[in-house]
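Enquirer: Residue numbering for the sequence shown follows my numbering, starting at 251 and increasing by one per position.
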Amino acid sequence: MDAMHRFDPALEELAAAVFAFARRRAGADAGPGGVTLGRPQSPEALDASAGRTITAAGIGAWQALRLFTEVLEPACLSTDFPRYLAFVPAAPSEVSILADLVVSACSIYGGSWLEGSGAVWAENQALRWVADLAGMPEGAGGCFVSGGTNGNLSALVAARNAAAAALAADGRPRPARWAVVVCDGTHSSVAAAADVMDADLILVAGDRLTGEALRPALAGEAERVAAVVATAGTTNLGLVDDLEGVAAACQEADVWLHVDAAYGGAALVAPSARWRFAGIEHADSLVVDPHKWLFAPFDVCALLYRNPVLGRAAHVQHAAYLDVLYGDAWNPSDYAVHLTRRARGLPFWFSLAAHGTDAYTEAVEACLALARETADLVRASDHLELVAEPELSVVAFRRTGWSGEDYVAWSDRMMAAGEAFVVPSSHGGEPMLRLCVVNPRTTIDDMRLIADSLR
Ligand SMILES: *Cc1c(COP(=O)(O)O)cnc(C)c1O
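Take a look at the structure:
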């Protein structure tokens, strides 16, 4: 047998070293000896410190491990560092990370029920929990995909397919151009999906989509609208659209409602925020990213359809070598733009099962409370001003008197010092900062440190 697949007793020692590293790194607190922010390096710097790694004879596993732990990993930002507050950070639970190690070890093909029934069953339990949080009906279902981007694309393709089928059933032609309705707060991945679909975007002005603003946009256009995209937790400001009003307008126009809750959907578990999501139960499709604020490791997005038959109609692949998979089986590969897939929902399921759902409520509420406390801190600081009241866990604010360059210089300085990762964004053409809290390890002292550094 070849050297890669032969059992080698020396592997035991390597395995112990790998497990020890993973254990040390996972869930390490910030502080002396704990997780550090990390620092990006140039390709030249990495060439110099790592050298040539791909060789005919191999550099050996110990050398590869040494390069990873000493050179490569430190050149990656730790998204779970408590003062990594840019974009949407990550804070996977410790048991979800352990489960992720196990998923890799098992070589599970997660695309079909035939090959992965045990894993798919567990993933479906976790999907059902998300569907219940949103109040979706009994028959709702879908699959886990890599992220909100694939989730949005797959949902919008299903929506267009359903609209085309409805037109065909009436003997009417397809529109010359399909369209997707969005607002200013909609995530960039929706525009990217429309681009892939060669569909137009109909832009409704405003940070938040409302039923009132949506109705005139749909007037005369409904025939060519594949879907309206509402956002439950915008990335820039953390706002939740008027889901009830948007759902009513979609129903009147008989248009598919897709709800992008990639970031904000986690707050469905939090009683203090649940009311903001009223109307989400009307979604025809929904995405929530557990790798954002439901404490799962990258990369996992829950994609749900109100009527999974419509998702399957759009995405099922047919081929002689796949026919054995059909019948009544529930195949995750049938519900998105993918075929082979890792059982990426398993670490999320494992942590959810292990800790129970109350632990999720508690952890998400802690982030919401910290965001409110941080907004109070901003209000009380004369050098800072809020851009918007936080609805979820994004705190957006400005440093009075600063130009765009001032923000960039401050952000670069904070990263270089390993203090914090916060990057400038903008709203209404004016630069601003946003702190996105999804890590229960982040404290108000972390926020004070950042506020003080802005003086
Ligand atoms: C993050 C995000 C996305 C994209 O999700 P990925 O997992 O990064 O692909 C889509 N929509 C919203 C609202 C997001 O916050």
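In this text, a Cβ means the ideal position worked out from N, Cα and C, and glycines have one as well.
Does the beta-carbon of residue 437, which I'm using as the reference point, lie nearer than 7 Å to any heavy atom of ligand 1?
Expert: In the sequence shown, residue 437 corresponds to position 187, counting from 1. Checking the Cβ of residue 437 against ligand 1 gives yes.
Enquirer: Starting from residue 445, trace the beta strand (DSSP E) in both directions and tell me its first and last residue.
Expert: Here the question's residue 445 lines up with position 195 in the sequence shown. Not the beta strand (DSSP E): residue 445 falls in the alpha helix (DSSP H), residues 438-446.
Enquirer: According to DSSP, simplified to helix, strand and coil, what is residue 319?
Expert: The count along the sequence shown starts at 1 and reaches residue 319 at position 69. Three-state DSSP puts residue 319 in a helix.
Enquirer: What residue range does the beta strand (DSSP E) around residue 394 cover?
Expert: If you number the sequence shown from 1, residue 394 lands on position 144. Residues 391-395.
Enquirer: Assuming residue 427 and residue 412 make a contact with CB atoms under 8 Å, what is their CB distance in whole Å?
Expert: Taking the first residue of the sequence shown as position 1, residue 427 is located at position 177. Taking the first residue of the sequence shown as position 1, residue 412 is located at position 162. Not really, about 17 Å apart at Cβ, beyond 8 Å.
Enquirer: Go ahead and pull the three-state DSSP assignment for residue 356.
Expert: As a first step, residue 356 is located in the sequence shown; it is residue number 106 there, counting from the start. Residue 356 sits in coil when the DSSP states are folded into three classes, being neither helix nor strand.
Enquirer: What whole-angstrom Cβ distance do residue 392 and residue 539 have, given they're in contact under 8 Å?
Expert: The sequence position of residue 392 within the sequence shown is 142, counting from 1. The sequence position of residue 539 within the sequence shown is 289, counting from 1. Residue 392 to residue 539, Cβ: 13 Å. No contact.
Enquirer: Would residue 371 be called buried (16 or more neighbouring beta carbons within 10 Å of its own) or exposed?
Expert: Here the question's residue 371 lines up with position 121 in the sequence shown. Per the 10 Å Cβ criterion, exposed.
Enquirer: Could you pull out every residue in the same chain whose Cβ sits closer than 7 Å to the Cβ of residue 233, ignoring the five residues on either side in sequence?
Expert: As displayed, the chain neither begins before 251 nor continues past 705, which places residue 233 out of reach and without an answer.
Enquirer: Can you give me the Cβ contacts of residue 452 inside the same chain, cut-off strictly under 8 Å, excluding the 5 residues immediately before and after it?
Expert: The count along the sequence shown starts at 1 and reaches residue 452 at position 202. Counting only Cβ-Cβ distances below 8 Å, and skipping sequence neighbours, we find 429, 430, 431, 432, 467, 471 and 475.
Enquirer: Measure from the alpha carbon of residue 484 to the alpha carbon of each residue in 421, 356, 510 and 570, then state which is nearest.
Expert: As a first step, residue 484 is located in the sequence shown; it is residue number 234 there, counting from the start. If we check each option's Cα against that of residue 484, 510 comes out closest.
Enquirer: In the DSSP assignment, find the unbroken alpha helix (DSSP H) run with residue 498 in it and report its ends.
Expert: Within the sequence shown, numbered from 1, the residue matching residue 498 stands at position 248. Run containing residue 498: 493-503, per the alpha helix (DSSP H) assignment.
Enquirer: Checking the sheet assignment: what are the DSSP bridge partners for residue 384?
Expert: In the sequence shown, counting from the first residue as 1, residue 384 sits at position 134. Residue 384 pairs with nothing; no bridge assigned.
Enquirer: Do you know how far the Cα of residue 310 is from the Cα of residue 300?
Expert: Your numbering for residue 300 matches position 50 in the sequence shown. Your numbering for residue 310 matches position 60 in the sequence shown. Looking at the two C-alpha atoms, the distance is approximately 14 Å.
Enquirer: Pick out whichever of 689, 575, 642 and 650 has its Cα sitting closest to the Cα of residue 363.
Expert: In the sequence shown, residue 363 corresponds to position 113, counting from 1. Out of 689, 575, 642 and 650, 575 has the C-alpha closest to the C-alpha of residue 363.
Enquirer: Identify the continuous beta strand (DSSP E) that holds residue 641 and give its terminal residues.
Expert: As a first step, residue 641 must be located in the sequence shown, where it is residue number 391. If you look at residue 641, you'll find it isn't in any beta strand (DSSP E); DSSP assigns it neither H nor E.
Enquirer: Considering only C-alpha positions, which residue in the set 589, 437 and 289 is nearest to residue 661?
Expert: In the sequence shown, the residue the question calls residue 661 occupies position 411. Among 589, 437 and 289, the Cα nearest to that of residue 661 is on 289.
Enquirer: Going by beta carbon distance, what residues of the same chain come within less than 8 Å of residue 622, once the five residues before and after it are set aside?
Expert: Sequence index remark: in the sequence shown, residue 622 carries index 372 (1-based). Cβ neighbours of residue 622 beyond the five flanking positions: 640.
Enquirer: Would you mind reading off the limits of the beta strand (DSSP E) that contains residue 509?
Expert: What you label residue 509 is simply residue 259 of the sequence shown in a count that begins at 1. Taken as a continuous stretch (DSSP letters only), the beta strand (DSSP E) holding residue 509 covers 507-510.
Enquirer: Take residue 286 as the anchor and find which of 275, 296 and 292 has the nearest alpha-carbon.
Expert: Position 36 of the sequence shown, counting from 1, holds the residue named residue 286. For the residues 275, 296 and 292, the minimum Cα distance to residue 286 belongs to 275.
Enquirer: Between the C-alpha atoms of residue 535 and residue 424, what's the straight-line distance to the nearest angstrom?
Expert: For the purposes of this step, residue 535 is identified with residue 285 of the sequence shown, where counting begins at 1. For the purposes of this step, residue 424 is identified with residue 174 of the sequence shown, where counting begins at 1. Rounded to whole angstroms, residue 535 to residue 424 spans 22 Å at the Cα level.
Enquirer: Considering only C-alpha positions, which residue in the set 480, 497, 273 and 525 is nearest to residue 512?
Expert: Taking the sequence shown and counting its residues from 1, one reaches residue 512 at position 262. Of the listed residues, the one whose Cα sits closest to residue 512 is 480.
Enquirer: Name the two residues that bound the continuous beta strand (DSSP E) containing residue 521.
Expert: For this step, residue 521 is matched to residue 271 along the sequence shown. Segment 521-524 is the alpha helix (DSSP H) holding residue 521; no beta strand (DSSP E) there.
Enquirer: Going by CA-CA distance only, name the one from 578, 488 and 504 that's closest to residue 465.
Expert: Your numbering for residue 465 matches position 215 in the sequence shown. Of the listed residues, the one whose Cα sits closest to residue 465 is 504.
Enquirer: What's the call for residue 420, buried or exposed, on a 16-neighbour Cβ count within 10 Å?
Expert: Within the sequence shown, numbered from 1, the residue matching residue 420 stands at position 170. Exposed, because fewer than 16 other Cβ atoms sit within 10 Å of the Cβ of residue 420.
Enquirer: What does DSSP give as the partner residues of residue 676 in its beta bridges?
Expert: In the sequence shown, counting from the first residue as 1, residue 676 sits at position 426. Looking at the DSSP assignment, residue 676 forms a beta bridge with 681.
Enquirer: Indicate the three-state DSSP secondary structure (helix, strand or coil) for residue 594 in the structure shown.
Expert: By one-based count along the sequence shown, residue 594 stands at place 344. Three-state DSSP puts residue 594 in coil, outside helix and strand.
Enquirer: Specify, as a first and last residue, the run of the alpha helix (DSSP H) that residue 535 falls within.
Expert: Here the question's residue 535 lines up with position 285 in the sequence shown. Looking at the DSSP string, residue 535 is not in any alpha helix (DSSP H); the run it does join, the beta strand (DSSP E), is 535-538.
Enquirer: So is the beta-carbon of residue 509 under 7 Å away from any non-hydrogen atom of ligand 1?
Expert: Here residue 509 is taken as the residue at index 259 of the sequence shown, counted from 1. Residue 509 Cβ: outside cutoff for every heavy atom of ligand 1.
Enquirer: Per DSSP, what kind of secondary structure is residue 258 in: helix, strand or coil?
Expert: Reading the sequence shown from its first residue, position 8 is the one you call residue 258. Reduced to three states, the DSSP call for residue 258 is coil.
Enquirer: Please classify residue 584 as buried or exposed, where buried requires at least 16 neighbouring CB atoms within 10 angstroms.
Expert: Numbered from 1 along the sequence shown, position 334 holds the residue referred to as residue 584. The residue in question, residue 584, is buried, as its Cβ has 16 or more Cβ neighbours within 10 Å.
Enquirer: Using CA atoms only, rank isn't needed, just tell me which of 635, 692, 564 and 638 is closest to residue 614.
Expert: The residue given as residue 614 occupies position 364 in the sequence shown. Considering only alpha carbons, the answer is 692.
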